[in-house]
Amino acid sequence: MKINEVEQLVGITKKNIRFYEDQGLIRPERNKSNGYREYSDEDVRLLLKIKLLRRLAVPIEEIRKLLEGRLSLSDCIERHQIYLNHEKHNIELMGEMCQYLSDHESGLADLKAEEYLEELNEMEKGGIRFMNISKVDVNKKKRGAKNAAIFMIVLILLWDLFFVVVSRYDPIPLPVMLIMTVPATLVIIGIVLALRERMKEIDGGEADEASKY
């Protein structure tokens with residue numbers, strides 16, 4: 115079946131389906147005659163399982179371990195429960211801090227931020243996690259990495275194009291042409307591979323979360 119049908123059956127967007135493919139969680143077959151993806155009933159069932167686990171906030175890396183047989187469902191859920199209980203405890207403490215501020219602070223002008231931040235730092239040393247204001251939006255990170263890669267690739271292609279144009283008016287010996295263009299091509303390949311790894315690192319924000327419990 116086509117991706118539009120899968121989208122309707124599973125109730126997740128085509129973008130999500132493509133993301134799970136990029137992550138290697140599903141591997142639909144390709145139609146040999148036209149190269150299009152052909153999703154099977156098994157793919158649909160697998161996507162429904164992934165959807166359930168993601169709705170429960172199970173990290174992508176944990177789901178990957180499940181699919182690869184490196185982790186059992188019971189172990190996965192048990193670990194996730196530990197994580198959720200830890201997060202619940204963190205939220206309760208943040209709620210208590212907010213309540214204390216509400217009860218004891220009259221306004222922003224008199225708020226003793228330094229004292230409270232010091233208290234939060236001490237709590238974090240004990241394993242409590244509060245909001246990290248330095249965390250940058252994932253999409254912004256991806257956009258920056260892609261823009262930088264595209265910029266470098268365009269520069270290199272312009273370099274190659276320059277030599278092609280020049281050679282039309284003043285032929286350049288083939289060995290020299292290869293020396294000037296082949297390394298540039300290899301650099302482009304390196305940039306693409308580096309970008310791919312960078313995308314994995316950025317998406318690995320979920321994997322980082324999984325590694326904390």
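Take 115 as the starting number for the sequence shown in my numbering and just add one per residue. We put the beta carbon where it would ideally sit given N, CA and C, even for glycine. Here the structure is a predicted model, which is why all the values come from computation and not from measurement.
Proximity winner among the options, relative to residue i (alpha-carbon distances)
i: VAL120; options: PRO142, LEU222 and GLN137; result: PRO142
i: HIS167; options: GLU156, ILE302, ASP155 and LEU181; result: Looking at the sequence provided, one finds Leu at residue 167 rather than His. The shortest C-alpha separation from LEU167 is found at LEU181.
i: GLU178; options: ARG193, LEU198, LYS314 and LEU139; result: One point to set straight first is that residue 178 is Arg, not Glu, in the sequence displayed. Comparing Cα-Cα distances from ARG178 to each of ARG193, LEU198, LYS314 and LEU139, the minimum goes to LEU139.
i: ILE242; options: ILE196, LEU207 and ALA308; result: LEU207
i: LEU160; options: HIS194, LEU123 and TYR150; result: LEU123
i: ARG151; options: ARG132, LEU272 and ILE264; result: ARG132
Three-state class that DSSP yields for residue i in the structure shown
i: ARG144; result: strand
i: GLU219; result: coil
i: GLU236; result: helix
i: ALA321; result: With a pLDDT of 40 at ALA321, under the threshold of 50, the predicted position of this residue should be treated as unreliable, though the coordinate-derived value follows. Of the three classes helix, strand and coil, the one that applies to ALA321 here is helix, per DSSP.
C-alpha gap between residue i and residue j, whole angstroms
i: GLY221; j: GLY209; result: 18 Å
i: ARG310; j: LEU185; result: 26 Å
i: VAL280; j: ASN261; result: 29 Å
i: VAL268; j: MET211; result: 52 Å
i: ASP189; j: LEU162; result: 20 Å
i: MET115; j: SER154; result: 6 Å
i: LYS165; j: ILE174; result: 11 Å
i: ALA227; j: ASN235; result: 12 Å
i: GLU192; j: LEU170; result: 13 Å
i: ALA259; j: ILE305; result: 10 Å
i: ASN204; j: VAL172; result: 18 Å
i: MET313; j: HIS194; result: 25 Å
Span of the alpha helix (DSSP H), counted from its first residue to its last, around residue i
i: LYS163; result: 155–169
i: ARG132; result: 128–136
Heavy atom of the ligand NAP within 6 Å of residue i beta-carbon
i: VAL290; result: Because no ligand of any kind appears in the structure shown, any question about the ligand NAP cannot be addressed here.
(message) Tell me whether the segment 217–231 and the segment 194–207 touch, counting them as touching only if at least three CB pairs, one residue from each stretch, are closer than 8 Å.
(response) no
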